[in-house]
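The structure appears right after this line, and notes come after that.
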Amino acid sequence: MSARTDLAIVPGFRSGRPSYRWRGIGRIEDLEIDFSSRDRPALVTAVLATCAEPPVEDPEEVWRLTLAARVGGLLAIYAETVRTESLPLEVRCPHDDCREGMEVELPVPELVALAQAAEARPETDVAGQDGPIVLRRPRGTDQRLWRRRAYADGAEAEAALLASLVISGTLAAEERSAAAEALAAFDPLSCFEIDVRCPECARQSGIPVDLEAVLLASLSRAQARMISDVDRLARRYGWSEAEVLAIPAWRRRRYLALDGDGWPA
Ligand SMILES: [Zn+2]
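Under the working numbering, the letters of the sequence shown match residues 7 to 271, in that order.
Okay, here's the thing in C-alpha cells:
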C-alpha cells in the first residue's frame, strides 16, 4: 500500500472551522447507526457525527458541512474501515445493445483531494443575462430543507433548489439548466461520473456513480460483519456484545478461524 494520504484534512478545514479526524466503523456505539434508514441525509449525518474524532457534540455542525465535504468524510471513514486506498465499483456499459459489466477501482486519495479542493472554493459564478450569478455550494442543511418541502414536479424542485443557492445576481428561468450544469461540474463528488471505455464494445462513456450510496453500502456491510462476529463468538465463548467488540477485528478473525480443538480450521 502506498503512503497514506492525510485523510484527517477532509472537510471544512478552512481556518476557524473545527477539524475532525475520522475513524473506521468498529466500535460498539456504531451499532446504533440505522443503515436501513430511508432518510439518507440524516443517515450520512449520523455516520459522520458518530465516526468523527473528536466526537461531534452538536450534529448541526455536520449538517452544515458542504455535500462535497460530507462525501469526503464518508470516504475517509471507508478508507479507515476497510484499510484500503481504492474503492471498487461494479458498473455496466450504458449502451442498451451491450450492457457489459465492468469492474473499476477508484483511488480514494484522489477523491479526497477533490473534496479538499471543493471545500477551498465555496462559491462559483455563471454568466447570466444581467451579469454574473454567484452560486454557493449546497450543504447538508440544504438537503434537509429540500427533503421537507413538497414540490409539484422535478422542474419546480430544480428551480427552488437553484434559487436557494443563489448568493447574488438573478437567475432567469432559461438560465437554470446552464446553472445546474455549472453546479454539477463545480461539485464533482455529489454529481460524480466516471469516464470508462467498455472492453466489449470499445465505446467511451460517462457513467454516473452515486458515491454516497456506494460508501454507505460498504459501511453497512462493515456493521453487519460486527454483528456476525458478536453472534458467532457469543455462541462459542459466551462473551457479551461489548466483550466481543473490545477485541480488535483482526484478532476476532483469528478466533473465528479456529475449529473446536483450537487449531486453525
Ligand atoms: Zn459496451
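All residues carry an ideal CB built from backbone N, CA and C; glycine is no exception.
Thr130 sits in a strand when the DSSP states are folded into three classes. Between the alpha carbons of Ala52 and Ala75 lies a gap of roughly 15 Å. Taking a contact to require three or more Cβ pairs closer than 8 Å, the region 212-227 and the region 40-55 qualify as touching. Secondary structure of Ile34 (DSSP, three-state): helix. With fewer than 16 other Cβ atoms inside 10 Å of its own Cβ, Ile173 counts as exposed. When C-alpha distances from Glu66 are compared across Asp148, Ser42, Asp36 and Gly268, the shortest belongs to Asp148. Measuring C-alpha to C-alpha distances from Tyr243 to each of Tyr261, Leu141, Val215 and Leu73 identifies Tyr261 as the nearest.
Per the coordinates, the alpha-carbon of Ala178 lies some 41 Å from the alpha-carbon of Pro94. Exclusion of the five residues before and after Ala186 leaves Glu164 and Leu168 as the residues of its chain whose Cβ lies within less than 7 Å of its Cβ.
Counting C-beta pairs closer than 8 Å gives fewer than three between the region 150-160 and the region 107-123, which falls short of the contact rule. DSSP lists Val202 as the beta-bridge partner residues of Ser211. Ile139 has Val132 as its beta-bridge partners, per DSSP. Your pair Ser196 and Leu49 does not check out as a contact, with CB atoms roughly 16 Å apart and the cut at 8 Å. Three or more beta-carbon pairs separated by less than 8 Å link the region 113-132 to the region 78-98, which places the two stretches in contact.
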